[in-house]
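Residue numbers (the working numbering): 545 to 843. Don't be surprised by glycine CBs; every beta carbon is placed ideally from N, CA and C. Only a predicted model underlies this, so the values are computations on that prediction, with no experimental measurement involved.
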């Protein structure tokens with residue numbers, strides 16, 4: 545089996561790495577959090593002292609990190625993955641960052657004979673645990689086929705979006721829209737409740753119209769509408785993704801006033817102390833401001 549390295553064992557990375565291990569691949573891991581590393585080691589992985597050591601032990605190395613500077617440090621740093629990868633090996637970044645950083649790292653690795661694809665992840669932490677995430681993949685089609693057995697252990701829907709960096713472009717587009725939907729849905733439900741409508745009535749109607757969306761049907765139903773605001777997908781990460789998406793759109797000359805308003809709401813939630821909460825906490829933000837609560841029966 546192909547030896548795999550995994551750097552970044554957070555809310556999404558840890559279950560993804562565990563699924564690689566379950567698929568039978570020898571796995572070497574690194575994270576700044578020793579407790580996260582220990583859990584994977586207890587499951588059968590090997591711990592490394594640095595990203596460079598991960599790469600030295602692996603044919604394929606995966607990163608799942610919070611932001612572009614983290615990816616650059618993990619790959620290009622003095623003790624980074626790029627210093628340990630051998631020519632002919634493969635690097636997969638599953639973080640959500642900007643396409644330009646992805647392409648710059650890919651060019652640097654290519655000069656050293658290392659292939660790269662980007663494969664940011666869609667859906668929820670529950671899907672990451674089940675290994676049924678959506679993977680938005682950028683890079684050469686032949687390199688994708690080489691990576692497919694590993695990626696298939698983490699995702700059910702593998703979608704090739706184009707050249708290197710296009711997985712990131714798709715993920716930023718997706719997450720901007722997802723954040724707009726949860727923000728708008730939260731505002732609508734709180735306004736309806738303030739007007740005297742019950743949640744059951746609103747859902748009964750919304751399910752029959754064009755207002756229905758997956759944020760209402762899945763994410764909010766499973767968390768926010770039950771009063772559960774623990775991550776999940778944290779507000780600070782949603783803010784980061786929207787910020788990157790708006791920067792990408794600005795560079796493309798695309799105006800995004802609705803996206804800009806959503807970014808402002810996410811900043812408002814962060815300023816209210818909700819950075820580490822699930823993005824569904826935008827519902828609580830509006831509830832707190834209006835003095836109403838919107839909950840499923842029995843929640």
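Would you mind reading off the limits of the alpha helix (DSSP H) that contains residue i?
i           : result
residue 803 : 801 to 813
residue 614 : 612 to 620
residue 688 : 685 to 695
residue 727 : 710 to 739
residue 749 : 743 to 750
residue 598 : 595 to 600
Keeping to the same chain, check which residues put their C-beta closer than 6 Å to that of residue i; ignore five residues upstream and five downstream.
i           : result
residue 633 : 603, 658
residue 720 : 786, 789, 803
residue 626 : 619, 620
residue 729 : 759, 760
residue 647 : 708, 709
residue 570 : 547
Following the continuous beta strand (DSSP E) through residue i, name the residue where it begins and the one where it ends.
i           : result
residue 569 : Unbroken run through residue 569: none, as it is neither H nor E.
residue 642 : Where residue 642 is concerned, there is no enclosing beta strand (DSSP E), given that its DSSP letter is neither H nor E.
residue 702 : 699 to 706
If distances are taken between C-alpha atoms only, which option among the options comes closest to residue i?
i           : options            : result
residue 786 : 656, 736, 683, 724 : 724
residue 564 : 693, 733, 831      : 693
residue 726 : 575, 806, 670      : 806
residue 665 : 682, 649, 652, 655 : 682
residue 595 : 548, 559, 588      : 548
residue 702 : 610, 686, 680      : 680
residue 609 : 580, 662, 649, 554 : 554
residue 573 : 557, 551, 583, 562 : 551
residue 706 : 662, 695, 794      : 662
Among all the DSSP beta bridges, which residues are the ones paired with residue i?
i           : result
residue 822 : 778
residue 550 : 573, 606
residue 626 : Residue 626 is not bridged to any residue.
residue 590 : 572
residue 678 : 666, 701
residue 659 : 634
Report all residues from its chain with a CB closer than 8 Å to the CB of residue i; omit the five preceding and five following residues, and keep chain order.
i           : result
residue 825 : 768, 773, 779, 813, 818
Quick one: is residue i buried, meaning 16 or more other Cβ sit within 10 Å of its Cβ, or exposed?
i           : result
residue 715 : buried
residue 712 : buried
residue 742 : exposed
residue 667 : buried
residue 821 : buried
residue 613 : exposed
residue 656 : exposed
If you drop the 5 nearest sequence neighbours on each side, which residues of the same chain put their C-beta closer than 7 Å to that of residue i?
i           : result
residue 842 : none
residue 746 : 733, 736
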